[in-house]
Amino acid sequence: MPGLPFAFAEGQASLSSTRTGGRRMRIATRLVLAGALLGAATAVQAADLTIAVEVAPTSMDPHFHNFGPNKSLHAHVYQGLVGRAPDQSLVPALATAWRATGPNEWEFALRGDARFHDGTPFTAEDVAFTFRRAREVRGSPSSYAFFLAPVSEVQVLDPQRIRITTTATFPDLPAYVSQIGIVSARIGADAQTADYNAGRAAIGTGPYRFRGFVPGERVELARSTTWNGEAEPWENVTFRVIAQPAARVAALLAGDVDMIANVPPQQVARLRQDARFKVVTGVSPLLVTFFPDHAEREAPFATTNDGRPMPNPFRDLRVRRAVSIAIDRRGIAERVMDGLASPTMQFMPPGYSGHLADIAVPAADVAEARRLLAEAGFPDGFRLTLHCLNNRIVNDEQICQAVAQMLGRIGIRTTVDAMPQAVFVPRAQRFEFSLFMHGLSTELAEPASLLLPSVATMDRERRTGAINRGRYSNAEFDRLLAQAQTTLDPVARAALMDRAQRILIEEVALVPVHHQVNAWATRATLVQTPRQDEFTLATMVRPAR
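In mature numbering (1 follows the signal peptide of the UniProt record, and there is no 0), the protein residues as written are -46 to -1, 1 to 499.
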């Protein structure tokens, strides 16, 4: 949040105390074995870790802004009732167990040994307070209330047990509450977002505690003394914001940081060939896809070859299929993304719930695409303006330029209009585009949370289709999706989602291209475990043995 002063938690030293001669002490000089010469039990003296990230977090308030860089940072300080393993499976966190006790009721058993960073015990009252607060944070640009919309009541049964009642049968409740970081009811009762940013209220139960926050520049964390999970090797962790990809790589090469997130694709091979560094990659849930306009009768950005208005070609399934099979997905992954993409024809990546193992990625077929266009009444093709971002998805404009060339081969003469997100999103919300590229992702590692806002029929009362900017609508898909959302049996639910997704693929509701592959680079002296949720966590980094 611009304008907020740099803040330190009470009793903490300034940042300069972690520097020597203006440079961070090297990890190799700070990892020693205590008592090794005496044959005593060894203990690792903690080192400091500096990580460079691309996008700045906006707040230390875990309920202010539902935003990936915030959530990645907050995962060090706060815990939810339910956590996520690196593969996104649900694991215990502040809740040790949970179960559905009825169609609309869940009970969660809570840890009795968890403490906040100020030493106070964690209890069910903190959960009840947090769930109230997360709905009510003022000025939120993207509220966490979405994750609590299914919750109608939270009852404290005893200090280590809560009951959550939902408005309807809701099998995804554990996944939804995993997104809500628990805060102290005692400290948070009168706290505002500014108090969290200043450190006065930024007190969680996580492995690290707040030290300082310079908006747009860096965040400082220190190892928690009240954490009773797996011991963390890092005494202090610094997240530095370095927005420019080349500058992040330069900082790693110079030894100014120990790890960088979002390695630019063109630098991956170089870093892999350098023995001083390691590169780790992982397929993310971020789907790069094209949205065709399913609704307008006359396409605003598709014309005949001589520039005259024409009926919207994307309302014809044959045209949508032609566009899809014209795209050389593997070529984009290899030549545009330098291998940092997983080509796809579907919505969920491998390893996620809802991934359809039998859906293959076909090779581009120019002849078949031309045949489909001719069958649809466009033997000579047409002209198209393709709208894209140029500052949000890795190589976004380059992907669009490549697709424009591929569409040109089948007779769709395509011009790319790329723009920053601040310009793009309002125009997309006004349904101005005929075909545009964007990214879709899910925080919940299951398909309903991705499909409900993006391809379900737009309906404010049912809260569906909030970002369905292609205005796709299919009654059978909507029915299957709604039924899946109220089916507790996981096998039956998966079968419903399978059928729903196959409708989307058959109708080319969207034109998926690839799931983005994330890359991190570290010093060779470190070992990092990548996560599918794209989070960059100090807790996933360890000294190499």
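Positions of the beta carbon are idealized from the N, C-alpha and C atoms, including for glycine.
- C-alpha of residue 400 to C-alpha of residue 254: approximately 34 Å in a straight line.
- Ranked by Cα distance from residue 333, the first of 379, 367 and 345 is 367.
- In the structure shown, the three-state DSSP call for residue 213 is strand.
- The beta carbon of residue 128 sits closer than 6 Å to the beta carbons of 36, 44 and 52 from its chain, once the five residues preceding and following it are set aside; these are given in chain order.
- With a threshold of 16 other beta carbon atoms within 10 Å, residue 225 meets it and is buried.
- Shown here, residue 348 sits in coil according to DSSP, grouped into three states, outside any helix or strand.
- Restricting attention to alpha helix (DSSP H) runs no shorter than 4 residues, the region 5 to 77 encloses them at 22 to 31, ordered along the chain.
- A contact between stretches requires three or more CB pairs, one per stretch, nearer than 8 Å, and the region 451 to 467 meets this requirement with the region 240 to 247.
- Short of 6 Å from the beta carbon of residue 363, and not among the five residues preceding or following it, lie these beta carbons of its own chain, in chain order: 320.
- Positions of the alpha helix (DSSP H) runs, each at least 4 residues long and wholly inside the region 313 to 396, are given as 320 to 329, 350 to 362 and 375 to 383 in order along the chain.
- With a cutoff of 8 Å on beta-carbon distance, residue 98 and residue 134 are scored as near each other.
- Residue 109 is bridged by DSSP to 117.
- For the pair residue 166 and residue 218, the Cα-to-Cα distance works out to about 28 Å.
- One thing to note: residue 138 has its Cβ no nearer than 8 Å to the Cβ of residue 120.
- Scanning its chain for C-beta atoms nearer than 6 Å, with the 5 sequence neighbours on each side dropped, one finds around residue 390 the residues 245 and 341, in chain order.
- For residue 142, the enclosing alpha helix (DSSP H) has its first and last residue at 139 to 142.
- Using a C-beta cut-off of 8 Å, the region 334 to 353 makes no contact with the region 428 to 437, since fewer than three inter-stretch Cβ pairs fall below that distance.
- Counting of Cβ neighbours within 10 angstroms places residue 282 among the buried residues, the total reaching 16 or more.
- Classified as exposed, residue 265 has fewer than 16 neighbouring CB atoms from the shown chains inside 10 Å of its CB.
- Scanning its chain for C-beta atoms nearer than 8 Å, with the 5 sequence neighbours on each side dropped, one finds around residue 498 the residues 478, 479, 480 and 481, in chain order.
- Residue 143 and residue 57 have their C-alpha atoms spaced approximately 32 Å apart.
- Sequence-distant Cβ neighbours of residue 216 in its own chain, meaning closer than 6 Å and more than five residues away, are 8.
- Under the three-pair Cβ rule at 8 Å, the region 16 to 27 counts as touching the region 85 to 96.
- At the C-beta level, residue 113 and residue 77 come within 8 Å of one another.
- Within the region 167 to 243, complete alpha helix (DSSP H) segments of at least 4 residues are found at 199 to 208 and 219 to 226, given in chain order.
- Counting along the chain, residue 128 sits inside the alpha helix (DSSP H) bounded by residues 127 to 131.
- DSSP places residue 451 inside the alpha helix (DSSP H), whose first and last residues are 444 to 461.
- DSSP places residue 161 in the coil class of the three-state scheme, outside both helix and strand.
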